[in-house]
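What follows is one structure encoded as structure tokens, with my remarks underneath.
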Amino acid sequence: MDEHSYDAIVVGTGISGGWAAKELTEKGLKTLVLDRGRMVRHGDYPTAMKDPWELPYGGRATQEDLRRHAIGARSNVITQASKHWFVDDLDNPYIEIQRFDWIRGYHVGGRSIMWGRQSYRWSPMDFEANARDGIAVDWPIRYDDLAPWYDHVEGFIGVSGQAENLPQLPDGKFLPPMELNCVEQRLRRVLADRFGRTLTIGRAAHLTAPLAHSPQRGTCQYRNLCIRGCPFGAYFSSNSSTLPAAERTGNMTLIPNAIVHELIYDARGARARGVRVLDARSGAQTEYLARVIFLCASTFGSAFILLNSVSSRFPNGFGNDSGELGCNVMDHHLDVGADARVEGFEDRYYSGRRPNGFYVPRYRNLGADRRDYLRGFGYQGGAARLDWTRLMHEATLGASLKAKAATPGPWYVGMGGFGEVLPYHDNRVTLDRTHKDKFGLPVLAFDAGLKENELRMRKDMKSDAAQMLEAAGYRDIRPFDEQIGLGLGIHEMGTARMGRDPKTSVLNEWNQLHACKNVYVTDGSCMTSAACQNPSLTYMALTARAANHAVDELKRMNI
Amino acid sequence: MNRREVLQQVAWLMGGTLSAPAVLGVLEGCRAAENAAWKPQFLSERQAELVAEVAEIMIPRTATPGAKDVGVPAFIDAMLKEAYPREDRERYLSGLEAFDAAARTAHGEGFLRLDAPRRLALVQRFHDVALAEEGAAGPQARTLRRPFILMTKELAMLGFFTSRAGATQVLQYVAIPGSYHACVPLARAGNGKTWAVEPGGRF
Chain A
1 MDEHSYDAIV VGTGISGGWA AKELTEKGLK TLVLDRGRMV RHGDYPTAMK
51 DPWELPYGGR ATQEDLRRHA IGARSNVITQ ASKHWFVDDL DNPYIEIQRF
101 DWIRGYHVGG RSIMWGRQSY RWSPMDFEAN ARDGIAVDWP IRYDDLAPWY
151 DHVEGFIGVS GQAENLPQLP DGKFLPPMEL NCVEQRLRRV LADRFGRTLT
201 IGRAAHLTAP LAHSPQRGTC QYRNLCIRGC PFGAYFSSNS STLPAAERTG
251 NMTLIPNAIV HELIYDARGA RARGVRVLDA RSGAQTEYLA RVIFLCASTF
301 GSAFILLNSV SSRFPNGFGN DSGELGCNVM DHHLDVGADA RVEGFEDRYY
351 SGRRPNGFYV PRYRNLGADR RDYLRGFGYQ GGAARLDWTR LMHEATLGAS
401 LKAKAATPGP WYVGMGGFGE VLPYHDNRVT LDRTHKDKFG LPVLAFDAGL
451 KENELRMRKD MKSDAAQMLE AAGYRDIRPF DEQIGLGLGI HEMGTARMGR
501 DPKTSVLNEW NQLHACKNVY VTDGSCMTSA ACQNPSLTYM ALTARAANHA
551 VDELKRMNI
Chain B
560 MNRREVLQQV AWLMGGTLSA PAVLGVLEGC RAAENAAWKP QFLSERQAEL
610 VAEVAEIMIP RTATPGAKDV GVPAFIDAML KEAYPREDRE RYLSGLEAFD
660 AAARTAHGEG FLRLDAPRRL ALVQRFHDVA LAEEGAAGPQ ARTLRRPFIL
710 MTKELAMLGF FTSRAGATQV LQYVAIPGSY HACVPLARAG NGKTWAVEPG
760 GRF
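Chains A and B supply the protein sequences, listed in that same order. Take my numbering: the last position of the first sequence gets the number 559, and nothing is skipped along the way. Take my numbering: the last position of the second sequence gets the number 762, and nothing is skipped along the way.
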């Protein structure tokens, strides 16, 4: 085996790629792991320990920052503390036929460094939804296929949470839950008593207790500076968790700055031979070969590689016999809900900064409930006392401003919905070969948006939130519904969906390309529907399941 | 126990897997300038002096440091230079001159030559009028085209409460809480003052 030949290649090091790397190397495969961005070792988090006064510009973006990160700035993540995790949008262009907010991080670890850490299982209902509604195509798997893999990944990453015994949100193997504060506890009782709905602490991939198998990770220190990278390794990232596990096996070769832009197809063997890689710094081209390839480059990253890999066998993109590649783009639609002022509890406060909020699992279109739209939504929210920023809006100046700033303000509670987006064939990305990026590669063009089902759902997401806050007796209730494009959920999915029939789907029930079995795609592109839960935990479970399948198939000489 | 000691203790508790020197290395980052002898980069000397006096009226030195003590004037100058588009900068400067002109109209002298009660009264009047107008316009802080007096307030508050003295002496700040207590009597939440946190965006 030469330096360009491996048992397996993993493209991408984010949530999914890290898991593929860990599972494949632990099963003994010599694995090449490629990432298009710079190297980030666990601990390489330059702003993680900075105090507020150590950040220039009060932490805010400068005009130059906003010029370089015009897309990222749509998500409020471009700050002095976190801007280095988000791509330079001038260097990484794409086409918006409809507005699409593509929030990216190109570095080892990918968005596992900046993710929201919310970790929910999907339910049996979610895998059955397309078949029941006659929407798109049926998932080729069911909850029971994935349940042991949810167990597997939860046990490894550590998920704190509270068991609630709900059929629409299965419990997992939880570390101790973080606490709800006193306002949230009361709201939990109101929602249970008045509506029969559940409010639970967010299920978050934070260590609230040590993990014996990952001694490099410490427990949560309640700083709530997670987006900077955690030097304690207290939340799950590829950098803190899966990549160190893969490295320990001695079977991983990790190469950063390696842009995979094409799969190499072997027509005689009807298989993928390897990948073509462009060095992001030198522009040098290299080919790497392997027996099995895992695409974990993100929903649009993997779609790009497949669309850009054309041959006489695959003139419309690698594995694209169905014509579904790049289609069925999904996300979660959000920025809709309500907030309110809470009276009372003035003698209560909290100490420590909890990096988590509450979660209200889906309750619409369950049981006897029937709405004028399909599927449903969950809420994420939290209660806190206002800080000094409230005084911007008060006619207070001078010594009394300082005195008021030192006194915690009234409690406020807010909640925002995360709604399911249906898979629509015409919500899609295509490759625009008339536009090139600085590497000379074509760019993606986005043409996807919310449709009638989502817009009807948003009415409930707004009015239900206001109704629940009203039932709790809160004041100054402000319902909101921001006009958004797709993408801001940063839960993009669907561009290479799984399904039973090669004529209508790209991947089979093991995340293999129907048309080329030694290529697995296990990031968000594989999703057949979107549910309303945060999807990362499901990507991890699907990836671990697919990686173990690949190892078995290699042993059986099937791929 | 200072932060360095806390960090070393935490690193030790974690079995030394995260080496204390590695963590401490990132502590040596640059400090925000709190230099008394700063030279304005965007404002003129006279404009900078006027902004400094307005900011000090908004957040004065009391038993704790005030806006000028923690470098708010230099902060505002840097923010205007780097963090605002031209339209906002121009509105700020013309608003500043209109504010100074209002002092001359009312009292025959520029703001910097007024006595303390007249300065305070002018700042308060401009502030209260602008706040009422903004309140009538609705809660759209992210896209607000704030006038001079409110931009100065916003930037003075941002610069002051993210400064070391503002965060640790007026508010309370703990770099590494280490634990979370969801619901405690106010007096037992540290010293009972507001916790210093970074603002999540415009306010």
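Just so it is clear, CB atoms sit at the ideal spot from N, CA and C, and this is done for glycine as well. Bear in mind the structure is a predicted one, so any value in this text is a computation, not a measurement.
Which listed residue (the options) has its alpha carbon closest to that of residue i
i      : options                        : result
K50/A  : D636/B, T721/B, F634/B, Q683/B : T721/B
S312/A : R268/A, D101/A, C296/A         : R268/A
V551/A : L199/A, F294/A, A192/A         : F294/A
H152/A : A395/A, W19/A, S463/A, M415/A  : W19/A
S119/A : K173/A, G59/A, L90/A, V137/A   : K173/A
D372/A : N181/A, G352/A, M457/A, L431/A : M457/A
T711/B : G760/B, P624/B, L639/B         : L639/B
A691/B : F100/A, A395/A, D432/A, R500/A : A395/A
D335/A : A245/A, L307/A, Q483/A         : Q483/A
Identity of the residues DSSP links to residue i by a beta bridge
i      : result
T219/A : Answer is none; T219/A lacks a bridge partner.
F377/A : G419/A
E262/A : R276/A
S351/A : H740/B
D575/A : Chain A is shown from 1 up to 559; residue 575/A falls before or after that span and cannot be answered.
M330/A : M493/A
A626/B : Paired residues: none, contrary to the question.
A8/A   : T31/A, V292/A
Q285/A : L278/A
M252/A : T31/A
T200/A : Y359/A
For residue j and residue i, the rounded distance between their alpha carbons
i      : j      : result
P124/A : I264/A : 37 Å
G134/A : K555/A : 38 Å
I618/B : A284/A : 57 Å
A370/A : F377/A : Residue 370/A is actually Arg in this sequence, not Ala. Going from the Cα of R370/A to the Cα of F377/A covers about 13 Å.
D88/A  : R68/A  : 5 Å
V521/A : S309/A : 14 Å
A81/A  : Y45/A  : 10 Å
R545/A : G344/A : 49 Å
F446/A : T495/A : 12 Å
T538/A : S603/B : 57 Å
C742/B : A383/A : 11 Å
A680/B : L671/B : 13 Å
E608/A : I735/B : Outside the shown range of chain A, which is 1 to 559, sits residue 608/A, and nothing can be said about it.
I616/B : A622/B : 15 Å
L175/A : G158/A : 6 Å
W411/A : L55/A  : 28 Å
R281/A : E179/A : 46 Å
K438/A : A147/A : 43 Å
R348/A : L745/B : 5 Å
G202/A : R194/A : 21 Å
Assigned exposure category for residue i - 16 Cβ within 10 Å defines buried
i      : result
R678/B : buried
G419/A : buried
G109/A : buried
A748/B : buried
A48/A  : buried
A715/B : buried
P256/A : buried
T664/B : exposed
V275/A : buried
N750/B : exposed
P599/B : buried
K451/A : exposed
P52/A  : buried
T389/A : buried
P423/A : buried
8 Å contact criterion, which residue i and residue j should meet: CB distance rounded
i      : j      : result
T62/A  : E713/B : So it is not a contact: roughly 16 Å between Cβ atoms.
F156/A : I141/A : Contact doesn't hold; Cβ gap of about 21 Å is too wide.
A129/A : R375/A : 7 Å
V342/A : L199/A : That belief does not hold up - the Cβ atoms of V342/A and L199/A are roughly 14 Å apart, past 8 Å.
A530/A : M252/A : Between M252/A and A530/A the Cβ distance is about 32 Å, and since that is not below 8 Å, they are no contact.
P355/A : H206/A : 6 Å
V11/A  : C296/A : 6 Å
L730/B : T753/B : 5 Å
F685/B : F658/B : 6 Å
beta-carbon residue i near the ligand NAD non-hydrogen atom, thresh 7 Å
i      : result
L278/A : This structure lacks the ligand NAD; in fact it carries no ligand of any kind.
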